[in-house]
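938 is the number of the first residue of the sequence shown in the working numbering; add one for each residue after it.
Where is the CB? At the ideal position from N, CA and C, for every residue including glycine.
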Amino acid sequence: MKKAAAKRTAASTSAAAKETAAKKKTTAEKTIAKKTTAARTAGAAGTAATAPASSKSPKSSKSSKPSRSESRTALVRRARRINRELAEVYPYAHPELDFENPFQLVVATVLSAQTTDLRVNQTTPGLFAKYPTPEDLAAADPEDVEEILRPTGFFRAKTRSVMGLSKALVEQFDGEVPGRLEDLVKLPGVGRKTAFVVLGNAFGRPGITVDTHFQRLVRRWRWTEETEPDKIEIAVGSLFPKSEWTMLSHHVIFHGRRICHARKPACGACPIAPLCPAYGEGETDPERAKKLLKYEKGGFPGQRLNPPQAYLDAGGRPAPPLGAG
């Protein structure tokens, strides 16, 4: 009897111990969960505190960084909101190549490869003063053209391209720049990027310009994971109405040149920080971030010698001519 009672007592004690252990485990799990939640909340609060306020702070402050599982609908809404925000920041966004007609624009765009728009803008006045039409440039002495284009780099290859496209315009299009994509890409040195620059800005026909800035930003914003320009063009184009494509390109490129730089983006001075999945990759301190701004945002001249009036009205300054200062 005593042995049986002892066994029952031991079993009861063991069960009680197990129950106590289970309660402790549950309590511990709850404590860990609370701490994790608190840490996440603190982290989110810290990010919100360091992120600069948008011009629409009450609306933007509620935004959270998109996750990898972002739905298609959410992606479209976020992408379009970013474009709207950038349109308010850069209402004067424009092509940063000086031109007066489609011929000048197509030549300037070809010359802009592997150099800055500023250097092209400083070089083309001399080129167009001497060779104002496709007929003039097609008949030029290559050595003379090379000497003019030397400051742009790769001047021999660029001379062949601009003289070749001038000859093609004379021989195939009566000296006029065609307004169709399929015709433009047949010209020497003209690819889809150049063609869309010309179509969008000389002919008013929508197109997406996928340059290095555009590629970097749309991937940084997770609009697409594509790496090839043609595929990026299709993926991003599907997020927006066709009528917005040209200005979308200008907004993104302007932002990439001024704030969202390749190596050190100025996150702390970025107006779309609450919408950006990559916020924090660059400088988040507002004061230090401001020092990273370029062109008119940093108080420096833009890239055009003859910028649009809207740019000047917004406080932008024209670039100096070649050799000035």
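Measure the alpha-carbon distance for Q1051 versus E1108 and round it to whole angstroms.
28 Å
In whole angstroms, what separates the C-alpha of R1156 from that of A1076?
43 Å
Helix, strand or coil for D1111 per DSSP?
coil
Verify whether the separation of the beta carbon atoms of N1243 and D1035 is less than 8 Å.
yes
Please state whether the Cβ-Cβ distance between A1206 and P1028 is less than 8 Å.
no
Start and end of the alpha helix (DSSP H) containing L1136?
R1129 to A1139
What residue does the alpha helix (DSSP H) around G1063 start on, and which one ends it?
D1054 to K1067
Along the alpha helix (DSSP H) that carries T1089, what are the first and last residues, could you check?
Neither: T1089 is in no alpha helix (DSSP H) and is coded neither H nor E.
Closest by CA to P1143, which one among P1039, L1185 and R1087?
L1185
Counting C-beta neighbours from all protein chains within 10 Å, is the total for S1006 16 or more, i.e. buried, or is it exposed?
exposed
Specify the secondary structure class of W1160 as computed by DSSP and reduced to three states.
coil
Do P1245 and A1139 count as a contact pair if the criterion is CB distance below 8 Å?
no
Would W1182 and G1193 qualify as a contact pair, given that the criterion is a beta-carbon distance under 8 Å?
no
Stretch pair the segment 1195-1204 + the segment 1218-1231: three plus CB contacts closer than 8 Å:
yes
Using only CA atoms, which one of R1159, Q1152 and W1158 lies nearest to E1263?
Examination of residue 1263 is not possible in this model, given that the chain is present from 938 through 1262 alone.
At which residues does the alpha helix (DSSP H) containing Y1248 begin and terminate?
Q1246 to D1250
Unbroken alpha helix (DSSP H) run spanning R1194, endpoints:
W1182 to R1195
On the three-state DSSP scale, how would you describe P1079?
helix
Rounded to a whole number of angstroms, what is the C-alpha to C-alpha distance between K1067 and V1082?
9 Å
Span of the alpha helix (DSSP H), counted from its first residue to its last, around V1047:
P1039 to L1048
Leaving out the 5 sequence neighbours to the left and right, which residues in its chain are closer than 7 Å to A976 when beta-carbon positions are compared?
Model confidence at A976 stands at a pLDDT of 33, short of 50, so the residue's coordinates are unreliable; what they give is reported in the following sentence. Cβ within range, chain order: n/a, list empty.
Report the residue from A1256, F1110 and A1226 whose alpha carbon sits nearest the alpha carbon of P1238.
A1256
Does the beta-carbon distance from F1191 to A1045 come in below 8 Å?
no
Own chain partners of F1133 with C-beta closer than 7 Å, once the 5 adjacent residues on each side are dropped:
G1144, I1145 and T1146
According to the Cβ coordinates, are R1195 and K1228 closer than 8 Å?
no
Between R1117 and D1167, how many whole angstroms is the CB-CB distance? I'm expecting something under 8 Å.
Not a contact, Cβ separation roughly 18 Å.
What does a CB cutoff of less than 8 Å around T1096 pick up in its chain, not counting 5 residues either side in sequence?
P1079, V1082, E1083 and L1086
When the Cα of P1258 is compared with those of P1032, T1061 and E1037, which residue comes out closest?
T1061
Can you tell me whether L1230 is helix, strand or coil according to DSSP?
coil
Only counting the same chain, and skipping five residues up and downstream in sequence, which positions put a Cβ closer than 8 Å to that of R1254?
E1233, F1237, P1238 and G1239
In chain order, what residues of the same chain have a beta carbon less than 6 Å from the beta carbon of V1225, not counting five sequence neighbours either side?
Residue identity differs from the one stated: residue 1225 is Arg in this sequence, not Val. There are no such residues.
Helix, strand or coil at E1165 [DSSP, three-state]:
coil
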